[in-house]
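Chemist: In order, the protein sequences belong to chains A and B.
Residue numbers for the first sequence follow my numbering, beginning at 1 and rising by one.
Residue numbers for the second sequence follow my numbering, beginning at 1001 and rising by one.
Just so you know, even glycine gets a beta-carbon here, dropped at the ideal spot from N, CA and C.
2 protein chains.
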Amino acid sequence: MEIRRSEKSGIDITSIERQDLPLEAENNVAGVAGLAMLEAYNPQLGFEIRIVKNIKPGSGIGSSAASAAGTVAGMNYLLGNPFSTKELIPFAMEGERLACGSAHADNVAPALLGGFTLVRDTNPLDICALPTPLELVATVIHPKIEVKTADARAVLKKRVTLEKAISQWGNVGALVSSLYEEDYDLLSRSLVDGIVEPARSILIPYFSELKVACEAAGALGSGISGSGPSVFALSRGMSTASKVAQAMQSVFEKTTIPFDIHISPIKKTGVSFIEDLR
Amino acid sequence: MEIRRSEKSGIDITSIERQDLPLEAENNVAGVAGLAMLEAYNPQLGFEIRIVKNIKPGSGIGSSAASAAGTVAGMNYLLGNPFSTKELIPFAMEGERLACGSAHADNVAPALLGGFTLVRDTNPLDICALPTPLELVATVIHPKIEVKTADARAVLKKRVTLEKAISQWGNVGALVSSLYEEDYDLLSRSLVDGIVEPARSILIPYFSELKVACEAAGALGSGISGSGPSVFALSRGMSTASKVAQAMQSVFEKTTIPFDIHISPIKKTGVSFIEDLR
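Have a look at this one:
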């Protein structure tokens, strides 16, 4: 993203490359996040934003969060950082409200803070930055199909059994502990979602084949990225993560579904500043 | 507890002081835990156990776990520690099976390991020892009324809303993080039970008055100890914990219900060995 101060007040999205997204600030997640920040800081000010969007919206890997987080981080930088990084989260959450109807912090918090984050509560906002085990690498496959947010929500049951909820509390607590302890075995045992995954995975073609293939290739665990259709796996070390990528590829190249695969260590810092153009 | 090797095989409970509990090993949590350990190690061996029981059974502060954990830790010591502390947990869990019908590790794991423990799973057993913030002190009030286990279970709903479950996952994860970070404010915000407490607290007289009084006295948080009727509060420092004890006392001295109050820092080690009598 290229962000510049502008003489004109408000947010002016000058161009969006590689994806077909609305230019009007009120209809664009970057625009909405920027406007929320201006509203809190000084509505008289203005910014120009040029977006080169490499992530396809609706992938489940935080496309909207990336735009919202990048916008507010860039604007904050150009204003001399009047807000702390944590204070930027609520502005970026307004972008999520536009994107999916709910001002959640699940993606914008890690996009801004980096690493793993835990959203204890959104009202009031209470975010914990968690440590990132050094050797952890993510492999993500994005099958290029559309999973409608409405469908991803509709398949979830409104109630869960107390037994399953208790089991999942155990997994959540142990997962947090594993990040602090850098205990990859515990992380692997805890990376289990017995609640949302069984319901939502029916919307993702070849999900169980992917899970089996990732495990066979040595992944610590895998799951649905966001509300899908992307599927992530976590591995210890780049070499295993690459094998996991090959395993994912071999599942999907037998199908007619186009796909992208990404491999990345967990980024410990959030939004990066590439260049100061002033 | 006094535990001695015996010529006679099996577990011989020679006396129980201060509480009225069965002496037959098969009907006593200490006996059952000890027998489970002998079964795994060598059923020909024998131990004598004398129990001086200062905790009233059914208090919700882990009376049965104390007996079970003490027995297996003492026997293991006398045998030259053939088992690791974690390996002792399943034996002590058999005592819990006798006490409440379910071989759970919620109390025996911390009784053996000390500090905070998280039970990720019981089948197979997966226990995480968590760090203990240094200044944390517990205040516990034990109203001397009986809460029947059957009632404590019956009031729980079999299902919880996904919304509440998600909120509680946030609290569990944040609570674990707060222990690692020694973040008392986060611990305070996370020490919330929106699932079991609202249901079970109806069985505990003056529960909401206690909670309000603990908070007013400066406690970080409070809740039901085990399945009740005891209520615990956690505070930062002994001085606040003492004020919380006074606050608890002032709630209950207006009633006709007899009660005990205990104040203790969180013990970082489990079962202690007081003296080697050999």
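1) At a Cβ threshold of 8 Å, is Asn-1123 (chain B) touching chain A?
2) Measuring straight from C-alpha to C-alpha, what distance separates Ala-1030 (chain B) and Leu-1220 (chain B)?
3) Could you work out which residue in A:Glu-197, A:Thr-139, A:Pro-143 is closest to Arg-153 (chain A) when comparing CA atoms only?
4) Leaving out the 5 sequence neighbours to the left and right, which residues in its chain are closer than 7 Å to Ala-245 (chain A) when beta-carbon positions are compared?
5) DSSP three-state call for Leu-1220 (chain B): helix, strand or coil?
6) Taking only beta-carbon atoms, is Thr-85 (chain A) less than 8 Å away from chain C?
7) How do the segment 1047-1058 of chain B and the segment 1114-1122 of chain B stand: do at least 3 beta-carbon pairs fall below 8 Å, yes or no?
8) What residue range does the beta strand (DSSP E) around Ala-1103 (chain B) cover?
9) Within 8 Å (strictly less), CB to CB, does Ser-188 (chain A) reach chain B?
10) Can you name, in chain order, every residue of its own chain whose Cβ lies under 7 Å from the Cβ of Ser-9 (chain A), other than the five neighbours on each side?
11) Quick one: is Lys-158 (chain A) near chain B, going by C-beta distance under 8 Å?
12) Within 10 angstroms of the Cβ of Gly-1101 (chain B), are there 16 or more other Cβ atoms? Answer buried if so, exposed if not.
13) For the structure I just gave you, are there three or more beta carbon pairs, one from the segment 158-168 of chain A and one from the segment 200-218 of chain A, closer than 8 Å?
14) Mark Ala-150 (chain A) as exposed unless 16 or more other C-beta atoms lie within 10 angstroms of its C-beta, in which case mark it buried.
15) If Val-176 (chain A) sits next to Gly-1226 (chain B), beta carbons under 8 Å apart, how far is it from one beta carbon to the other, in whole angstroms?
16) May I have the straight-line CA-CA distance separating Gly-80 (chain A) from Arg-278 (chain A), to the nearest angstrom?
17) I'd like to know whether the C-beta atoms of Arg-200 (chain A) and Val-155 (chain A) end up nearer to each other than 8 Å.
18) Quick one: Cα of Ile-1141 (chain B) to Cα of Ser-1242 (chain B), how far?
19) CB Glu-1026 (chain B) to CB Ala-1068 (chain B), shorter than 8 Å?
20) With DSSP collapsed to three states, give me the class of Glu-135 (chain A).
21) Rounded to the nearest angstrom, how far is the Cβ of Ile-1061 (chain B) from that of Pro-1143 (chain B), given a contact under 8 Å?
22) Please tell me whether Cys-1128 (chain B) has its Cβ less than 8 Å away from any Cβ of chain A.
23) If you draw a straight line from the alpha carbon of Leu-78 (chain A) to that of Thr-269 (chain A), how long is it in whole angstroms?
24) Tell me the rounded alpha-carbon separation between Leu-130 (chain A) and Tyr-1180 (chain B).
25) Quick check: what's the CA-CA separation for Ser-167 (chain A) versus Ala-1105 (chain B)?
26) Would Gly-34 (chain A) and Met-1 (chain A) be called neighbours here (beta carbons separated by less than 8 Å)?
27) Check this for me: beta carbons of Gly-1170 (chain B) and Asp-121 (chain A), under 8 Å apart or not?
28) Once the 5 residues before and after Gln-1279 (chain B) are set aside, which same chain residues still bring their CB inside 7 Å of it?
Modeler: According to the data block:
1) Along the second sequence, read from residue 1 onward, the residue named residue 1123 (chain B) stands at position 123. No, because no Cβ of chain A sits closer than 8 Å to the Cβ of Asn-1123 (chain B).
2) Taking the second sequence and counting its residues from 1, one reaches residue 1030 (chain B) at position 30. Taking the second sequence and counting its residues from 1, one reaches residue 1220 (chain B) at position 220. The straight-line gap from Cα to Cα measures roughly 34 Å.
3) For this step, residue 153 (chain A) is matched to residue 153 along the first sequence. Among A:Glu-197, A:Thr-139, A:Pro-143, the Cα nearest to that of Arg-153 (chain A) belongs to A:Glu-197.
4) Within the first sequence, residue 245 (chain A) is the residue found at index 245, counting from 1. These residues qualify, in order along the chain: Thr-139, Ile-261, Ile-263.
5) Taking the second sequence and counting its residues from 1, one reaches residue 1220 (chain B) at position 220. Here Leu-1220 (chain B) sits in coil by DSSP.
6) In the displayed structure, chain C is absent; the protein chains listed are A and B.
7) no
8) Translated into the one-based positions of the second sequence, residue 1103 (chain B) becomes position 103. Segment: none, Ala-1103 (chain B) is in no beta strand (DSSP E) and carries neither H nor E.
9) Position 188 of the first sequence, counting from 1, holds the residue named residue 188 (chain A). So, not an interface residue.
10) Taking the first sequence and counting its residues from 1, the one referred to as residue 9 (chain A) is at position 9. Cβ within range, chain order: Pro-43, Gln-44, Leu-45, Gly-46.
11) Stepping through the first sequence from its first residue, residue 158 (chain A) is reached at position 158. It does; some Cβ of chain B falls within 8 Å.
12) Position 101 of the second sequence, counting from 1, holds the residue named residue 1101 (chain B). Exposed, because fewer than 16 other Cβ atoms sit within 10 Å of the Cβ of Gly-1101 (chain B).
13) no
14) Start at 1 with the first residue of the first sequence, and residue 150 (chain A) comes out as number 150. By the neighbour-count rule (16 or more Cβ atoms within 10 Å), Ala-150 (chain A) is not buried but exposed.
15) By 1-based counting over the first sequence, the position of residue 176 (chain A) is 176. By 1-based counting over the second sequence, the position of residue 1226 (chain B) is 226. Actually they are not in contact, since the Cβ atoms of Val-176 (chain A) and Gly-1226 (chain B) sit about 23 Å apart, beyond 8 Å.
16) The residue given as residue 80 (chain A) occupies position 80 in the first sequence. The residue given as residue 278 (chain A) occupies position 278 in the first sequence. Cα to Cα, the separation comes out at about 13 Å.
17) In the first sequence, the residue the question calls residue 200 (chain A) occupies position 200. In the first sequence, the residue the question calls residue 155 (chain A) occupies position 155. Yes; because the gap between Cβ atoms is below 8 Å, this pair is in contact.
18) Walking along the second sequence from the start, residue 1141 (chain B) turns up at place 141. Walking along the second sequence from the start, residue 1242 (chain B) turns up at place 242. Looking at the two C-alpha atoms, the distance is approximately 12 Å.
19) On the second sequence, residue 1026 (chain B) is found 26 positions in, with the first residue counted as 1. On the second sequence, residue 1068 (chain B) is found 68 positions in, with the first residue counted as 1. It is not a contact, given that the beta carbons lie outside the stated cut-off.
20) Residue 135 (chain A) sits at position 135 when you count from the first residue of the first sequence. In this structure, Glu-135 (chain A) counts as coil in the three-state DSSP scheme.
21) Sequence index remark: in the second sequence, residue 1061 (chain B) carries index 61 (1-based). Sequence index remark: in the second sequence, residue 1143 (chain B) carries index 143 (1-based). So it is not a contact: roughly 12 Å between Cβ atoms.
22) For this step, residue 1128 (chain B) is matched to residue 128 along the second sequence. Yes, contact with chain A.
23) Position 78 of the first sequence, counted from the start, is the residue given in the question as residue 78 (chain A). Position 269 of the first sequence, counted from the start, is the residue given in the question as residue 269 (chain A). Computed Cα separation, rounded: 19 Å.
24) For the purposes of this step, residue 130 (chain A) is taken as residue 130 along the first sequence, with counting starting at 1. For the purposes of this step, residue 1180 (chain B) is taken as residue 180 along the second sequence, with counting starting at 1. Computed Cα separation, rounded: 10 Å.
25) Within the first sequence, numbered from 1, the residue matching residue 167 (chain A) stands at position 167. Within the second sequence, numbered from 1, the residue matching residue 1105 (chain B) stands at position 105. The alpha-carbon atoms of Ser-167 (chain A) and Ala-1105 (chain B) are separated by roughly 14 Å.
26) Taking the first residue of the first sequence as 1, we reach residue 34 (chain A) at position 34. Taking the first residue of the first sequence as 1, we reach residue 1 (chain A) at position 1. No.
27) For the purposes of this step, residue 1170 (chain B) is identified with residue 170 of the second sequence, where counting begins at 1. For the purposes of this step, residue 121 (chain A) is identified with residue 121 of the first sequence, where counting begins at 1. Closer than 8 Å, so yes.
28) A query on residue 1279 (chain B) cannot be resolved here, the shown segment of chain B reaching from 1001 to 1278 and no further.
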